[in-house]
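Step one of this worksheet: look at the structure below.
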Amino acid sequence: MRAEPQSFDRVLSSMCTEPHPAAREAAERFLATNPGDPGTYPTVADLEDDAVSLLGEIAGLDEPAGYVASGGTEANVQAVRIARERAENGRPTVVLPESAHFSFQKAADLLDVELRVVPTTDDGRADLEAVRACVNEDTAAVVGVAGSTEYGRVDPIPELGEIADSVDALLHVDAAWGGFVLPFTDYEWHFGHAPVDTMAIDPHKMGQAAVPAGGLLARSSDLLDELAVETPYLESTSQATLTGTRSGAGVASAVAAIEELWPDGYRDQYVRSQNNAKWLASKLESRGYDVVEPALPLVAASVPTPLFEALRDEGWRLSRTGDGELRVVCMPHVTRDGLESFVADVDRLETR
Ligand code: 0PR
Numbered sequence: 002m003r004a005e006p007q008s009f010d011r012v013l014s015s016m017c018t019e020p021h022p023a024a025r026e027a028a029e030r031f032l033a034t035n036p037g038d039p040g041t042y043p044t045v046a047d048l049e050d051d052a053v054s055l056l057g058e059i060a061g062l063d064e065p066a067g068y069v070a071s072g073g074t075e076a077n078v079q080a081v082r083i084a085r086e087r088a089e090n091g092r093p094t095v096v097l098p099e100s101a102h103f104s105f106q107k108a109a110d111l112l113d114v115e116l117r118v119v120p121t122t123d124d125g126r127a128d129l130e131a132v133r134a135c136v137n138e139d140t141a142a143v144v145g146v147a148g149s150t151e152y153g154r155v156d157p158i159p160e161l162g163e164i165a166d167s168v169d170a171l172l173h174v175d176a177a178w179g180g181f182v183l184p185f186t187d188y189e190w191h192f193g194h195a196p197v198d199t200m201a202i203d204p205h206k207m208g209q210a211a212v213p214a215g216g217l218l219a220r221s222s223d224l225l226d227e228l229a230v231e232t233p234y235l236e237s238t239s240q241a242t243l244t245g246t247r248s249g250a251g252v253a254s255a256v257a258a259i260e261e262l263w264p265d266g267y268r269d270q271y272v273r274s275q276n277n278a279k280w281l282a283s284k285l286e287s288r289g290y291d292v293v294e295p296a297l298p299l300v301a302a303s304v305p306t307p308l309f310e311a312l313r314d315e316g317w318r319l320s321r322t323g324d325g326e327l328r329v330v331c332m333p334h335v336t337r338d339g340l341e342s343f344v345a346d347v348d349r350l351e352t353r
C-alpha cells in the first residue's frame, strides 16, 4: 500500500494538520460508526451533540443548532441551501466578496442561486460600499469570510450583518479555517458580535481533528429545519445533513480535540503560529520580497517562479494565491525550526 510521507515537516501548503493524539485515538475507536443513523449508533450521535455545543461555545452561540459536516464545502453549500429555502422569490442571489472560497461556486451550481461577487478593498476585506450597492429584495444571504483561504483576511462581520438585516437576508460567516484561531484575536467575527445566522467552522483545519470533520452552526433549529428531509425507515424521522452515511471518526475526533485543547491549547497554538507567520514575513521582507502582512497565521509573498519551482523540487509542499504569490499556512505542524530550514533553502536557491 502506498502512503503519503509520514512527516509534515515540509508541508507549508495545507490547511489540514496532524491530528492531536487524542483526536487520532478517538477517530480509530469510532471508525465503523455512522452518526447519520442515531437509532443504531446512539453514542456517536450524543458525541455529535457535544461537538455542536463545543463549537457553539467557540463561536459565541448559546444553544447552537448544527452538525459535523464533511468539511467547509458542505457547510457552505448547506448554508446557501438554508438561505435559498427561506427566500420567497424564484432565483435568489447570494452576495459575497471575491475572497470567498470556491465552494460557493459549487453551491450556486447545485442550488441554482446566483452569486453576486463584490470586490475587496486594498486590505483584502469585503468592500462594504460594494456590498451595500449589491443587495436588494432578491438577496437571500450575505457571506462574510473570517479567515480567507488565500490571505487569512477577516471581513467586517458586524457591518455585513447590518447590511444583510436591511434586506432581510441571512448572514453566513465562513470561519472554516479561522474559527479556531479567531477567539484569541480582537476581530469581531462570531455570533456574539453580529447577527450571524449560519457559520462554517472546521475542526479538521486549525481544530486539529482528523479529516473529515467540518462544522455547520445555525443560530436556531428552525434554520436547520430548512434542510430536513423525511427518513421513513430510520428510527429518526428526519435528516438535515447533506450526506447520509457520515464519519463517526470525524465526529469523535472533533470532540476529543476540542475537549483537549479548548481554550488553552488552541490559544498557545495560535500564539506560536502567529509568531511564526510574523517571523517568516519579516525574513522574506528583509530579502526584498513583497509580503502581505499576516493578519492570521498565513503568509503570502511574491517570489519569482524559478525560486518557487526550485523550492518545490527540494520537497517543500507549497501553494500559490490566484495572483501567483507564494502562500505559507502556519498550521500547528509548521515549526520555527522548519521555517528556518525553509528560509535557508530560499537563500541557497535564490537565483536573482
Ligand atoms: N472555506 C474556507 C475559508 C476554506 O479555506 C476552505 C478550504 C473551505 C471553506 C472548504 O473546506 P473543505 O476543503 O474542508 O471542504 N480551504 C483549503 C483550500 O481549498 C482547503 C485545503 C485543505 C487545501 C488541505 C489544501 C489542503 O492540503 O485551499
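Numbering (this note's numbering), first residue to last: 2 to 353. Just so it is clear, CB atoms sit at the ideal spot from N, CA and C, and this is done for glycine as well. Predicted model only: the values in this text are computed from it and were never measured.
One or two residues paired with residue i in a DSSP bridge
i	result
Q240	V230
D175	V146, A201
T140	T94
A127	T121
A219	A66, T199
R328	A301, S320
E115	T94
V155	A147
V168	For V168, which the question treats as bridged, DSSP gives no partner whatsoever.
V335	Partner(s): none; V335 has no beta bridge.
V344	None; V344 has no bridge partner.
V12	R318
Residue burial classification, residue i (beta-carbon count within 10 angstroms, cutoff 16)
i	result
A24	buried
S221	exposed
A134	exposed
T199	buried
M207	buried
A111	Residue identity check: residue 111 is Leu in the sequence provided, not Ala. Classification for L111: exposed.
D269	exposed
L369	The question about residue 369 has no answer here: the residues shown for the chain are numbered 2 through 353.
L48	buried
D187	exposed
V347	buried
G148	buried
G325	exposed
L32	exposed
R337	exposed
Own chain, CB closer than 6 Å to residue i, minus 5 neighbours either side, in chain order
i	result
E262	Glu is not the amino acid found at residue 262; the sequence shown has Leu there. None.
A278	P295, P298, V300, C331
N405	What the structure shows of the chain is the stretch from 2 to 353, and residue 405 is not part of that stretch, so it cannot be assessed.
H102	T150
H191	A60, G61
Y271	V182, F185
L285	V292, A302
P282	The sequence shown places Ala at residue 282, not Pro. If we look at A282 and ignore the five residues flanking it on each side, its Cβ neighbours are V292, P295, V300.
E315	D346
V256	L48, D51, A52
A80	H173, T199
Y152	G125, V293, A301
Y267	F181
T44	none
Spatial neighbours of residue i in its chain, beta-carbon cut-off 8 Å, leaving aside the 5 residues before and after
i	result
R359	Since the first residue of the chain shown is 2 and the last is 353, residue 359 is not available in this structure.
E351	R288, L308
L129	P157, E160, L161, I164
R321	F309, L327, R328
A229	S239, Q240, A241
8 Å contact criterion, which residue i and residue j should meet: CB distance rounded
i	j	result
V329	V300	5 Å
G162	P196	4 Å
G57	L217	So it is not a contact: roughly 12 Å between Cβ atoms.
R92	D113	6 Å
A28	A253	6 Å
V136	I158	Not confirmed; about 15 Å, so no contact.
E19	H334	5 Å
V146	D175	5 Å
L13	W317	6 Å
R117	V96	5 Å
R154	S71	With a Cβ gap of about 25 Å, R154 and S71 do not count as contacting.
I202	A177	7 Å
V69	G215	7 Å
Cβ shell of residue i (< 7 Å), same chain only, five flanking positions each side left out
i	result
R313	L319
T232	T238, S239, Q240
G40	L235, E236, S237
R1	In this structure the chain extends from 2 to 353, so residue 1 is not present and cannot be described.
C54	Inspection of the sequence shows that residue 54 is occupied by Ser rather than by Cys. Taken in chain order, the residues that qualify are P65.
A211	P20, A24, R25, A28, H205, A250, G251, S254
A131	V119, P120
A311	L350
K107	T74, V78
T94	V114, E115, R117, D139, T140, A141
C17	H205, K206, V212
Y42	T34, N35, P36, G249
Legend entry - Runs of alpha helix (DSSP H) wholly within the stretch 37-105 (minimum 4 residues, chain order): If you keep only unbroken alpha helix (DSSP H) runs of at least 4 residues inside the stretch 37-105, you get 43-59, 73-87.
Legend entry - Contiguous beta strand (DSSP E) assignments of at least 3 residues, all confined to the stretch 242-325: With a minimum length of 3 residues, the continuous beta strand (DSSP E) runs that stay inside the stretch 242-325 are 299-302.
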